[in-house]
Amino acid sequence: MKTSAEELLEELAHLNHNDEAISNGVRQHPISKWTTEDIKSWAEDLKKQRQARELPELLAVACRACMLANGYYPRDAQLFSILLMLSTSKTGLRGHLQQIATGEGKTAIVALFVVVKALRDRVK
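All residue numbers for the sequence shown refer to the UniProt record's numbering, where the first residue is 1 and numbers rise by one.
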């Protein structure tokens with residue numbers, strides 16, 4: 001039986017290695033190559049369709065937006081923290097704290113978490 005940490009690590013590996021396979025039906029190029037305009041168009045499509053998107057797609061778009069805005073992709077440890085927070089919110093567990101060391105990007109973690117959570121919960 002897999003532990004939650006093992007499941008999260010598998011999902012993180014999936015995010016890191018399958019970006020090329022994740023694409024919107026309208027666009028023929030991978031999210032890792034999207035421009036700011038592609039992201040804006042994707043967001044408009046999301047608003048209009050109001051259908052659930054898969055977590056890997058939401059995270060990939062958020063990570064690409066981070067790269068375009070800040071010049072870097074979130075590190076694996078940051079993505080792992082986001083996945084952990086998302087899995088906790090999905091299971092209804094509350095009151096969990098994460099200990100994240102100085103310089104590990106707490107602001108980026110929280111910002112990406114809020115973006116993904118808002119996009120994910122938008123259609124519920």
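Here a beta-carbon is modelled for each residue, glycine too, at the ideal position from N, C-alpha and C.
Delimiting residues of the alpha helix (DSSP H) encompassing residue i
{"i": "residue 32", "result": "No alpha helix (DSSP H) contains residue 32, which DSSP labels as neither H nor E."}
{"i": "residue 54", "result": "Note, residue 54: premise wrong, no alpha helix (DSSP H); not H, not E."}
{"i": "residue 119", "result": "106-121"}
Counted within 10 angstroms of its Cβ, other Cβ atoms place residue i as buried (16 or more) or exposed
{"i": "residue 61", "result": "buried"}
{"i": "residue 65", "result": "buried"}
{"i": "residue 44", "result": "exposed"}
{"i": "residue 28", "result": "exposed"}
Three-state secondary structure (DSSP) of residue i
{"i": "residue 102", "result": "coil"}
{"i": "residue 64", "result": "helix"}
{"i": "residue 46", "result": "helix"}
{"i": "residue 97", "result": "coil"}
{"i": "residue 13", "result": "helix"}
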